[in-house]
Amino acid sequence: MIALESVSKRYREAGADRVVLREFSLQVPEGQRLALVGRSGAGKSTVLNLISGMDNPDAGTVLVGGTAVQALSERERTLFRRSTVGFVFQFFNLIPTLTVRENLLLPLDLLGHKGSGAAEAANALLQRVGLEDRGGSFPEQLSGGEQQRVAIARALIHRPRVLLADEPTGTLDEETGEQVLSLMAELTAEHGMTVVMVTHSLDVARRMDRVVRLVDGRPVEA
Amino acid sequence: MQVYRASLRYMLRHPWQLALSLLGVALGVAVVVAVDLANQSAGRAFELSTASLTGATTHQVLGGPSGIPEAWYVDLRTRQGVLQAAPVVEGQARIVDAPERGLRLLGVDPLAEGDFRSGFGALTEQGTLGGLMSRPDRFAMLSSDLDEMGLSVGDRVDVEIGGRTLELIVAAALQPERELDARGLRDVMVMDIGAAQGALGRHGWLDRVDLILPDREAVERVQTLLPADAQLLEAEARNAALEQMASAFQLNLTAFSLLALVVGAFLIYNTMTFSVVQRRQLLGLLRAVGVTRAQIFRLILLEALLIGAVGTVAGLLLGVALSHVLLELVGRTINDLYFMLSVRELALSPWSLALGVLLGLGMTVVAAFSPAVEATGTPPRAALSRAALELGVRRQLPRVAMVGLVLALLGLALLVTGAGLVAAFAGLFLLMIGWALMVPVMMRLLLHLLLPLLGRFAGLSGRMAGRGVEAGLSRTSVAAAALMIAVSAVVGVGTMVDSFRYTFSQWLDATLRADVYVSVPGSGQVQPDAVTALQDTEGVETWSTARYGRVGSGEQRHRLRVFHLPPEGKRAFRLQSGNGEEVWAAFREEDVVLVTEPFAWHQRVAVGDRLPLRTPDGERDFRVIGVIYDYSTSEGAVVMSRQTYDRWWDDPVVNSVALYGVEGSETEALIRRLRENAGAVQPLRYQSNAELRRLSLDIFDQTFTITQVLRLLAILVAVVGVLSALMALALERAREYAALRAVGFTPAQIWTLVLGQNALVGGIAGLLALPLGMGLAAALVLVINQRSFGWSMQMAFPPEVLGQAFLLSLAAALVAGLYPAWRMAKTPPALALREEAA
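As structure tokens, this is what we get:
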């Protein structure tokens, strides 16, 4: 499903190049739930950005469902991301000017799914994440855990083939984090989604099918 | 120290924000300084010119419309023994090879000059004196003026004087010892008085006699010797009265320049608020490590001072550069409307520069005061969410709107009831600021009305744009207010100019009824034979004549216009007050006059009043029987029938002739015949009705060029303001845009979203600018212009001006949004998300 082959990525920081990924290769079969762990700055988020097409490698190929993401144009990558990828961030990144329901409708809207079918899907998913009564609220009116549940719902509503999660429990307390992970696991399993999650927590990582540690820009199976 | 270092680094790390705030201060200061410098320079040029040309003169004798008989002067000197007397004739001249340079022709008697004008000292030197007086075709000029035109002593040059081209010889190059004289005598062409009289067609007449009267006794003695229609005026008082004429025009300019500063102040306020809001976390941390509220307050004010200081210095430099452009425009307008003045040298008045410094620093500190207070309220270690901050701002909105309402009402009250021009301008500014303070509430209301429509027509993106503007109201409303003020000024000034132009053009249509107008170029007398030749030309059905001059009245001198009118000509006068039938019945036969509207305003004269005028038989009262609309001069004029004039003055001079062709006659053919008939008698200028109308409108448009320039500058400042505000907003939302990109927004969609928000801000600003703009137009047309110049105008609200203003606002906001949109769309989402997380 996901294949990164000999990928290299460097960033220019303070006038010097910093190599983040070096000849990095990683395969994630369809439906597998992978945890990426490693020290800060090891390149975990970079891997997610490369898979989603938000960033391009300096060398190597990134294949997602047979599509060479790095070969796509900016617009094609956006359209690819729109249909294929769901994103859950550490800081939720809900759109503050849209209500909870509208946040959920956004990916469908972008894919051209409008009308009552989309609204029903949003309501159903809100119910699944336990926020059916908060559809009209704005994100700022929700707690962190609630916001993350909305973020998960938004990432999954259009049934992407890949869910990318960047420390989804990083800012949540243990109990809320647990609820969020369970919800994520439940919803992704239902649709057999491939999941790549970045985390600092080994406890969280152990709940996934596979754990890969990033060391010196290279993957090490843990 | 570390606190200041952190603050300085913050500014340096946000170069765009810093640059825009500096630009805002600089532009605001530049416009004010430029206008003030131009005004001061014009004032200085006037002072220097009058000082040099008046010299040691203490008094001046001025006559009736024809001037002073030369014989009287000769008698004064020779028989009465008043030796410190110098005759002067004045006119205009133009060197054919340097037509853009208007010259003031001054005819003096070098022998009588003596102590009068130190700058003319060289005239009395051996050689020069003889050279100038020996032949009538000689003139002298400042050596620097001659150099600029590539002339030197002995050169022959073609000079246009009174419609004729004369070949003159440069007899002397003046090199005054005093620098002040060198500047005051710029563009002055000096001739021997006899030669000047000849060139101007004023044989036997003087424009004035300058006197040095040492004591009261001497003054009283000359009083007894004056011709009946002449006045003895103190030179200083006369100069002051002349300068006073242009003061309303200059005050108007100053007010317009302050407009740019008001817009600039919004900009500074916005920048400072943003810098505080964006740094709440940093400020909270500083508070947590022990920085006191007072230190935070000082820090923010110091930052403002720093921005203010750098911006002000840049503004002063920019202002000096800009003032060169404005100086030319101001000089041109003064020449068109008031008096001949060479305004080419920029007087770097310390007062103008100090004003710029005071306004630049003062406005910055005032604008930063509120954000500084807000900064002191930052709780230690707390980073309030943007939404919570906006909530605080929203709570303040009703109070701010109430203050705005009170200010606007106060402004209206001042406009309606206040006396004087300064009160009117104060009212205007209060109205503008009051309305601007109401913008946030009105904006919120409009957004609530618009949101459902946006959702319906533009889906989630539309809602995001609308709510985004509302969510950042503290930012967007200030941007909208700044833009609104600038656009309302465009509407207000545009409508005023259009109304004026419309009124002026209607007045021209009514006034210019003849087919051909004949006059002497520059000014001068149409010789009697030429008048007869014109009247007798085939195809001329009827004619009218005009005599222009000045007449004494008490201690003042008024413009006098004398018309010999055919029955059709009377329709040229549109009465503002007075009974039409009664007016025309009395106009020819009785000792009555009409006065123009500005005259009635400035002199506080009304129908029925008696106006004393100096006639050759002494001062006589003339009854004012009507006030007529007139837009030719803001000084105002007294209008008299030729019959009445001839009853009191022995002065057959005619300055222009208007000719009405027989029905169906072709104007060009008529002009050809008129030329054939009168050309041999005197070279004259022939202008068709259409040509004169076009020329008048050209001068009108030229006069308003400076207004248009100032209007554009206000818009420029506003665009910078909007750019600054929207850039700030976009930067604040960088992460939001990155999240949108992550969920599948294309760069084009980000462009649309950012520009959509800008369009909303611009649209709302444009919408809110219309009522204020119309209010400003009404205030300018009905109050300011009335009080400045005494003109009443018909309001013209061309719908296209309103439409254009709305589009301008929209366009300005969109232009200001281009960079933020480009930057947001271009920023890789991964980078934006990474920066935010860091």
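Listed in order, the protein sequences are those of chains A and B. Residue 23 is where the first sequence starts when you use the numbering used here, and the numbers rise one by one after that. Residue 6 is where the second sequence starts when you use the numbering used here, and the numbers rise one by one after that. Virtual Cβ for every residue (Gly too), placed ideally from N, Cα, C.
(message) Nearest by alpha-carbon distance to Pro355/B: which of Val325/B, Glu379/B and Leu332/B is it?
(response) Here residue 355/B refers to the residue found at position 350 of the second sequence. Here the closest residue by C-alpha is Val325/B.
(message) For a contact defined as C-beta to C-beta under 8 Å, what are the partners of Glu124/A on chain B?
(response) Residue mapping note: residue 124/A aligns to position 102 of the first sequence, counting from 1. Under the 8 Å cutoff, chain B gives Leu465 and Arg468.
(request) Rank Leu101/A, Pro241/A, Leu205/A and Met206/A by C-alpha distance to the C-alpha of Met76/A and give the top, closest one. (result) Stepping through the first sequence from its first residue, residue 76/A is reached at position 54. Looking at the Cα atoms, Leu101/A is the closest of the given residues.
(message) Taking 7 Å as the limit between beta carbons, can you name the residues of its chain near Leu194/A, skipping five residues before and five after?
(response) Indexing the first sequence from 1 puts residue 194/A at position 172. Non-local C-beta neighbours of Leu194/A in its own chain, meaning closer than 7 Å and more than five positions away in sequence, comprise Gly166, Gly167, Gln170 and Val202, ordered along the chain.
(message) Arg647/B and Val567/B - do their beta-carbons sit closer together than 7 Å?
(response) Along the second sequence, one-based indexing puts residue 567/B at 562. Along the second sequence, one-based indexing puts residue 647/B at 642. Val567/B is a Cβ neighbour of Arg647/B, given a cutoff of 7 Å.
(request) Using DSSP bridges, identify the partner residues of Ser844/B. (result) Here chain B has residues from 6 to 843 only, and residue 844/B is not among them.
(message) Check whether the stretch 604 to 613 of chain B and the stretch 537 to 555 of chain B are in contact - that is, three or more C-beta pairs closer than 8 Å.
(response) No, they do not touch.
(request) Check the Cβ-Cβ distances between Leu148/A and every residue of chain D, and say whether any is below 7 Å. (result) Given the protein chain composition of this structure (A and B), no chain D is represented.
(request) Identify, in the order they occur along the chain, each residue of the same chain with its Cβ nearer than 6 Å to the Cβ of Ala3/B, setting aside the five sequence neighbours on each side. (result) Outside the shown range of chain B, which is 6 to 843, sits residue 3/B, and nothing can be said about it.
(request) With a 10 Å radius around its C-beta and 16 neighbouring C-beta atoms as the bar for buried, classify Leu17/B as buried or exposed. (result) Within the second sequence, residue 17/B is the residue found at index 12, counting from 1. Burial call: exposed.
(request) Using three-state DSSP, classify Arg84/B as helix, strand or coil. (result) For the purposes of this step, residue 84/B is taken as the residue at position 79 of the second sequence. Arg84/B: coil per DSSP, three-state reduction.
(request) Can you check the stretch 507 to 594 of chain B for any alpha helix (DSSP H) of at least 4 residues that lies completely inside it and give the ranges in chain order? (result) Correct list: 533 to 540 and 585 to 594.
(message) Along the chain, where does the beta strand (DSSP E) containing Ile24/A start, and where does it finish?
(response) The residue labelled residue 24/A in the question sits at position 2 within the first sequence. Segment Ile24 to Glu35, the beta strand (DSSP E) holding Ile24/A.
(request) Taking Ser62/A as part of the alpha helix (DSSP H), name the residues at either end of that continuous run. (result) Taking the first residue of the first sequence as 1, we reach residue 62/A at position 40. It is not in any alpha helix (DSSP H) - Ser62/A carries neither H nor E in the DSSP assignment.
(message) Does Ser47/A come out as helix, strand or coil in the three-state DSSP assignment?
(response) Counting from one through the first sequence, the residue named residue 47/A turns up at place 25. Reduced to three states, the DSSP call for Ser47/A is strand.
(message) Considering only the alpha carbon of each residue, which of Ile179/A, Asp188/A and Glu124/A lies closest to Val217/A?
(response) The residue you call residue 217/A lines up with position 195 of the first sequence. Measuring from the Cα of Val217/A, the nearest candidate turns out to be Asp188/A.
(message) I'd like the list of long-range same chain contacts for Pro51/A, defined as Cβ closer than 7 Å, with 5 residues on each side in sequence excluded.
(response) Within the first sequence, numbered from 1, the residue matching residue 51/A stands at position 29. Shown here for Pro51/A: same chain residues with a beta carbon closer than 7 Å to its own, the five before and five after excluded, namely Met23 in chain order.
(message) I'd like to know whether the C-beta of Asn71/A is nearer than 7 Å to at least one C-beta of chain B.
(response) Numbered from 1 along the first sequence, position 49 holds the residue referred to as residue 71/A. It does: the Cβ of Asn71/A has a partner Cβ on chain B nearer than 7 Å.
(message) Nearest by alpha-carbon distance to Val610/B: which of Glu595/B, Val588/B, Arg593/B and Ser582/B is it?
(response) On the second sequence, position 605 is the one that residue 610/B refers to. Across the set Glu595/B, Val588/B, Arg593/B and Ser582/B, the C-alpha of Ser582/B shows the shortest separation from the C-alpha of Val610/B.
(message) Out of Gly499/B, Thr170/B, Glu172/B and Ala774/B, which one is the CA nearest neighbour of Ala486/B?
(response) Numbered from its first residue, the second sequence carries residue 486/B at position 481. Among Gly499/B, Thr170/B, Glu172/B and Ala774/B, the Cα nearest to that of Ala486/B belongs to Ala774/B.
(request) Whole angstroms is fine: what's the gap from Glu841/B's alpha carbon to Leu310/B's? (result) Along the second sequence, read from residue 1 onward, the residue named residue 841/B stands at position 836. Along the second sequence, read from residue 1 onward, the residue named residue 310/B stands at position 305. With a pLDDT of 47 at Glu841/B, under the threshold of 50, the modelled position of this residue cannot be trusted, and the question is left open.
(message) Using the Cβ count rule (16 or more neighbours within 10 Å means buried), how would you classify His64/B?
(response) The residue you call residue 64/B lines up with position 59 of the second sequence. With 16 or more Cβ atoms within 10 Å of its Cβ, His64/B is classed as buried.
(request) Using a Cβ cut-off of 7 Å (strictly closer), state whether Arg55/A contacts chain B. (result) Here residue 55/A refers to the residue found at position 33 of the first sequence. Cβ-Cβ to chain B under 7 Å: no for Arg55/A.
(message) Given a cut-off of 7 Å on the beta-carbon distance, is the pair Leu205/B and Gly155/B in contact?
(response) As a working mapping, residue 205/B is identified with position 200 in the second sequence. As a working mapping, residue 155/B is identified with position 150 in the second sequence. Going by C-beta atoms, Leu205/B is not nearer than 7 Å to Gly155/B.
(request) Figure out for me which residue from Arg183/B, Leu433/B and Arg746/B has the closest Cα to the Cα of Arg99/A. (result) One-based indexing of the first sequence puts residue 99/A at position 77. For Arg99/A, the nearest C-alpha among the options comes from Arg746/B.
(message) Quick test of the definition: if touching needs 3 or more C-beta pairs under 8 Å, does the stretch 64 to 81 of chain B touch the stretch 205 to 216 of chain B?
(response) The stretch 64 to 81 of chain B vs the stretch 205 to 216 of chain B: in contact.
(message) I'd like to know whether the C-beta of Ala388/B is nearer than 7 Å to at least one C-beta of chain A.
(response) By one-based count along the second sequence, residue 388/B stands at place 383. Caution is warranted here: a pLDDT of 45 is assigned to Ala388/B, below 50, making its placement in the model unreliable, and the coordinate value is therefore given only provisionally. No, no contact with chain A.
(message) Taking the beta carbon of Gly467/B as the centre, do at least 16 other beta carbons fall within 10 Å, making it buried, or is it exposed?
(response) Taking the first residue of the second sequence as position 1, residue 467/B is located at position 462. By the Cβ neighbour-count rule, Gly467/B is buried, with 16 or more other Cβ atoms within 10 Å of its own.
(request) Assign Pro804/B to one of two classes, buried (16 or more other C-beta atoms within 10 Å of its C-beta) or exposed (fewer than that). (result) The residue given as residue 804/B occupies position 799 in the second sequence. Label assigned to Pro804/B: exposed.
(message) Checking the sheet assignment: what are the DSSP bridge partners for Gly72/B?
(response) Taking the second sequence and counting its residues from 1, the one referred to as residue 72/B is at position 67. Beta-bridge pairing links Gly72/B to Gly69/B.
(message) If I measure Cβ to Cβ from Trp21/B and keep anything under 7 Å in the same chain, skipping five residues before and after, which residues do I get?
(response) As a position in the second sequence, residue 21/B is number 16, starting the count at 1. For Trp21/B, the CB contacts under 7 Å within the same chain, skipping 5 residues up- and downstream, are Met732 in chain order.
(request) Flag this pair as yes or no: are the beta carbons of Ala470/B and Ala730/B separated by less than 7 Å? (result) Mapped onto the second sequence, residue 470/B falls at position 465. Mapped onto the second sequence, residue 730/B falls at position 725. The answer is no: Cβ separation not under 7 Å.
(message) Which residue marks the beginning of the alpha helix (DSSP H) containing Asp729/B, and which one marks its end?
(response) Indexing the second sequence from 1 puts residue 729/B at position 724. Before going further, note that residue 729/B is Ser rather than Asp in the sequence given. Counting along the chain, the unbroken alpha helix (DSSP H) around Ser729/B starts and ends at Thr710 to Glu737.
(request) Whole angstroms is fine: what's the gap from Gly139/A's alpha carbon to Ala463/B's? (result) Against the first sequence, residue 139/A aligns to sequence position 117. Against the second sequence, residue 463/B aligns to sequence position 458. About 19 Å.
(message) On the DSSP letters alone, give me the boundaries of the beta strand (DSSP E) that Ile198/B sits inside.
(response) What you label residue 198/B is simply residue 193 of the second sequence in a count that begins at 1. For Ile198/B, there is no enclosing beta strand (DSSP E); the residue is part of the alpha helix (DSSP H) that begins and ends at Ile198 to Leu205.
(request) Give me the Cβ distance between Ile179/A and Val151/A, rounded to the nearest whole Å; I'm assuming they're in contact under 8 Å. (result) Residue 179/A sits at position 157 when you count from the first residue of the first sequence. Residue 151/A sits at position 129 when you count from the first residue of the first sequence. The distance from the Cβ of Ile179/A to that of Val151/A is about 10 Å, inconsistent with a contact at the 8 Å cut-off.
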